[in-house]
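Residue numbers (full-length UniProt numbering): 1 to 432.
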DNA sequence: TCTGGGGTCCTAGGACCC
DNA sequence: TCTGGGGTCCTAGGACCC
């Protein structure tokens with residue numbers, strides 16, 4: 001077993017906890033946060049879970065229950081959650097510079113330099129500091145590998161006596177817990193792998209750890225083999241302290257209603273392309289193609305179904321919103337079909353790119369070269385305006401947003417204020 | 001009669017994650 | 001009426017090359 005101490009810390013019911021930080025009345029009551037479009041529940045406090053509200057439960061199915069039980073319901077507020085996430089990571093970095101941000105609410109920390117007997121105490125200090133400085137409650141899992149740290153974190157959440165910290169670098173804890181935790185809790189074991197493992201008679205994490213890795217590779221690919229080594233304490237997944245460059249980027253949204261008109265669809269993909277450009281420019285990336293898709297909903301069982309996807313090539317890589325919008329509209333123009341009766345009722349559309357490269361490194365086109373000398377400053381000016389006055393303060397006329405009603409745009413009917421990032425939405429405190 | 005062997009690249013689809 | 005969005009990695013199979 002290695003002597004590394006990989007540590008996974010994450011926020012408990014993170015989005016709900018962010019809401020609680022700014023509204024003390026939410027303490028001790030059930031809280032849930034809904035997905036985009038107020039579609040389904042994606043974060044639940046323990047009180048909400050106790051009411052039987054499942055992850056991913058559609059809002060229209062749980063609305064009555066939430067009303068009768070007094071559940072506090074919020075639309076997702078990613079501006080707030082992203083800012084709170086940055087705050088927790090700033091606290092982690094006070095403890096060690098060796099931090100890998102894994103997701104909006106989870107980070108791996110390398111605490112290998114801490115003496116073994118001090119690790120749990122340091123972890124408790126970390127939790128208390130994060131709680132005091134950001135208001136976010138957390139749990140901490142420690143292990144010799146990332147997979148064991150994830151498992152330790154799961155145990156820390158499930159076993160109240162541990163007081164939020166579980167250390168699997170401790171051999172006694174390791175022996176105690178692995179034969180008591182179901183294999184489906186292991187990071188990387190999903191539904192399909194679980195079915196295969198059950199057929200092999202695997203029940204607990206210890207059962208999986210003790211399998212011969214080579215035959216497992218046949219059934220679960222190299223991923224399964226790695227998991228076994230990781231459970232044995234042999235690290236196969238390094239800490240990634242420098243974030244890898246992103247490989248693809250997508251902006252996709254369900255419509256708040258259904259879309260049957262071409263103009264509306266074009267407006268939606270133009271808006272998505274606008275957002276795509278912002279994301280690419282923020283990271284200095286470019287793309288030489290834009291894929292566009294739109295489709296009806298399989299939930300609309302009676303209506304006709306149609307699913308469309310096409311890729312529009314560009315002469316050279318770009319992140320210019322005007323070019324991306326034109327490409328997205330071209331994708332619709334190329335694939336739009338006159339509506340049958342009854343019409344296709346489109347439920348979702350998106351723009352997707354893969355194979356991103358830093359724009360400065362991309363080759364220039366011989367024919368059809370884009371005007372980068374003009375595009376760069378123009379985009380920079382637009383981004384600066386939108387940063388200062390809020391997203392979509394300035395949008396290209398070609399997006400066609402001004403003319404028609406925005407039936408398609410995403411719903412956030414129960415969103416809390418952007419307490420920490422918008423001066424006009426600052427919380428107010430009274431002292432008596 | 002005997003019908004190679006090894007490599008790369010690309011794509012689609014599956015699986016999994018938060 | 002109403003069912004999220006955005007990623008990564010892996011494999012198999014086909015095309016193509018020498």
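Each residue gets a CB set at the ideal place from its N, CA and C atoms; glycine is no exception.
| query | result |
| --- | --- |
| First through last residue of the alpha helix (DSSP H) which encompasses residue 161 | From DSSP, residue 161 is part of no alpha helix (DSSP H); its letter is neither H nor E. |
| Distance, residue 233 Cα to residue 115 Cα | 18 Å |
| Per-residue burial, residue 348 [other beta carbons within 10 Å of its own, 16 or more giving buried] | buried |
| Nearest-angstrom Cβ-Cβ length linking residue 352 and residue 331, presumed shorter than 8 Å | Not confirmed; about 10 Å, so no contact. |
| Contact set for residue 11: own chain, Cβ-Cβ below 6 Å, skip 5 residues either direction | 17, 105, 136 and 138 |
| Cα-Cα separation between residue 113 and residue 378, rounded to whole angstroms | 49 Å |
| Nearest-angstrom Cα separation, counted from residue 157 out to residue 411 | 32 Å |
| Inter-residue Cα distance where the pair is residue 240 and residue 399 | 38 Å |
| Contact between the segment 27–38 and the segment 73–90 (3+ Cβ pairs under 8 Å) | yes |
| Whole-Å CB distance - residue 369 paired with residue 315, under 8 Å assumed | 7 Å |
| Where residue 253 falls: helix, strand or coil (DSSP) | strand |
| Minimum C-alpha distance to residue 73 - residue among 394, 120, 133 and 47 | 47 |
| CB contact flag (residue 380, residue 386, <8 Å) | no |
| Contacting residues, own chain, Cβ-Cβ under 7 Å from residue 325 (five flanking each side not counted) | 270, 273, 274, 396, 398 and 399 |
| Residue 454 and residue 95 closer than 8 Å at C-beta | Since the first residue of the chain shown is 1 and the last is 432, residue 454 is not available in this structure. |
| Contacts around residue 248, its chain only, beta-carbon distance under 8 Å, and the 5 residues preceding and following it disregarded | 352, 353, 354, 355 and 356 |
| Integer-rounded CB distance, given that residue 134 should sit under 8 Å from residue 87 | 5 Å |
| Residue 194 vs residue 209 beta-carbon contact at 8 Å | no |
| Length of the line joining the Cα atoms of residue 191 and residue 182 | 13 Å |
| Option in 143, 220, 52 and 26 with minimal Cα separation from residue 170 | 143 |
| Residues that DSSP places opposite residue 41 in a beta bridge | 34 |
| Cβ pair residue 416, residue 89 closer than 8 Å | no |
| Cβ-based neighbour list, residue 394, same chain, cut-off 7 Å, excluding 5 preceding and 5 following | 382, 385 and 386 |
| Span of the alpha helix (DSSP H) around residue 85 | 78–95 |
| Exposure of residue 432, with buried meaning 16 or more beta-carbon neighbours within 10 Å | exposed |
| Other residues of its chain near residue 124: CB distance less than 7 Å, five sequence neighbours each side excluded | 165 |
| Straight-line Cα distance separating residue 24 from residue 220 | 46 Å |
| Opening and closing residue of the beta strand (DSSP E) in which residue 224 lies | Looking at the DSSP string, residue 224 is not in any beta strand (DSSP E); the run it does join, the alpha helix (DSSP H), is 213–231. |
| Classification of residue 408 by the beta-carbon crowding that lies within 10 angstroms, buried from 16 upward | buried |
| Alpha carbon of residue 100 to alpha carbon of residue 258, nearest angstrom | 40 Å |
| Cut-off 7 Å between Cβ atoms - residues of its own chain near residue 358, not counting five sequence neighbours on either side | 284 and 285 |
| Distance CB(residue 436)-CB(residue 159) smaller than 8 Å | The question about residue 436 has no answer, for the chain in this structure spans 1 to 432. |
| Residue 227 beta carbon less than 8 Å from that of residue 92 | no |
| CA-to-CA distance, residue 328 to residue 339, given in whole angstroms | 20 Å |
| Exposed unless 16 or more other CB atoms sit within 10 angstroms - verdict on residue 299 | exposed |
| Range covered by the alpha helix (DSSP H) that runs through residue 207 | 205–209 |
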